[in-house]
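Working notes for the structure below.
Numbering (this note's numbering), first residue to last: 461 to 806.
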């Protein structure tokens, strides 16, 4: 396993368009304000990349204990531009890497709103300027006007932005889903980055959950158990909850009090039961590799106005999952928080 690091600094952005809170249209008709995009310290490690056939066996060995029907196979990646995937690129293959930026300690116990990141800068940092970014994160409150969940779905050079964001309506507490047409985010994101090409991928079908683990945790734990602490495997991709319902959360307005425990975080978050079909963007790693990585992170969106941070399905007998995943060749840890904790990482 190799590692390298680069010195961090900031890149000054003179004008950044800002949106009115609460409207997707406001993102496109924004005010202007000066601030700095973070160009943070970068740590880089090579990941263990097992053969896809081997990955299928490892994932299936755990999934069959947790679901009644399971199929895991190596297939050609379908056209992910099409529904229900609606991605910004046709595939998730080519020069795969994980870009794990910031972290929960920049949100909890108190938010650090100076942590604003830009996709173009990150693409340069990870050596993939035309990269396809896919995964969960926190939207930029400067653009939205409030705390929100981001579903990054961005292809660079030329730019195609199909990202979404979920936020809480402060008037009635309902969750809203909107387009997120900006190339920036704040505090944290965990993303699979690739050339966006089609190629060989791992296809996973799992139906009727019989165990206690959620879909992503089951797969991640199988990697941890099989490859151990000395080989880190990272994966990312997209899956659809085709039937059933799921428990998701959406962050409301920033807490006025410090969130110093998991209990306080749960009291602050808004939880919802949301309906299928849900398209989910997911990243998971077998262990933290000494880089304080978030082990798993998944955000979902839909065509029916629902989305947020995935926790688990709530209708185990009815649920069915269909997903496509690839292993990452490298992990780039960008702007790792200097002081860390384990609060709020569920």
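We treat Cβ as the ideally placed atom computed from N, Cα and C, and that holds for glycine.
In this structure residue 721 is exposed. Its beta-carbon is surrounded by fewer than 16 other beta-carbon atoms within 10 angstroms. Going by DSSP, residue 784 is part of the beta strand (DSSP E) stretching over 780-787. Straight across, the Cα-Cα distance linking residue 576 with residue 496 is about 7 Å. Collapsing the DSSP output to three states places residue 712 in coil.
When the alpha-carbon of residue 745 is set against those of 680, 605, 776, the nearest one is in 680. Note on geometry: alpha-carbon atoms of residue 670 and residue 703 lie some 15 Å from one another.
Closest in C-alpha terms to residue 730, from the list 764, 642, 798, 635, comes 635. Exposure of residue 618 is indicated by the presence of fewer than 16 other C-beta atoms within 10 angstroms of its C-beta.
In the three-state reduction of the DSSP assignment, residue 747 falls in the coil class, being assigned neither a helical nor a strand state.
For residue 650, the enclosing beta strand (DSSP E) has its first and last residue at 644-654. Rounded to the nearest whole angstrom, the C-alpha separation of residue 583 and residue 623 is 16 Å.
Taking a 10 Å sphere around the C-beta of residue 542, we find fewer than 16 other C-beta atoms and assign the residue as exposed.
Annotated as proximal: residue 787 and residue 693, with beta-carbon spacing under 8 Å. Collapsing the DSSP output to three states places residue 640 in coil. Residue burial annotation: residue 574 is exposed, with fewer than 16 other C-beta atoms found within 10 angstroms of its C-beta. With 16 or more other Cβ atoms inside 10 Å of its own Cβ, residue 736 counts as buried. Under the three-state reduction of DSSP, residue 718 is assigned to coil, being neither helix nor strand. Here the alpha carbons of residue 711 and residue 600 stand approximately 13 Å from one another.
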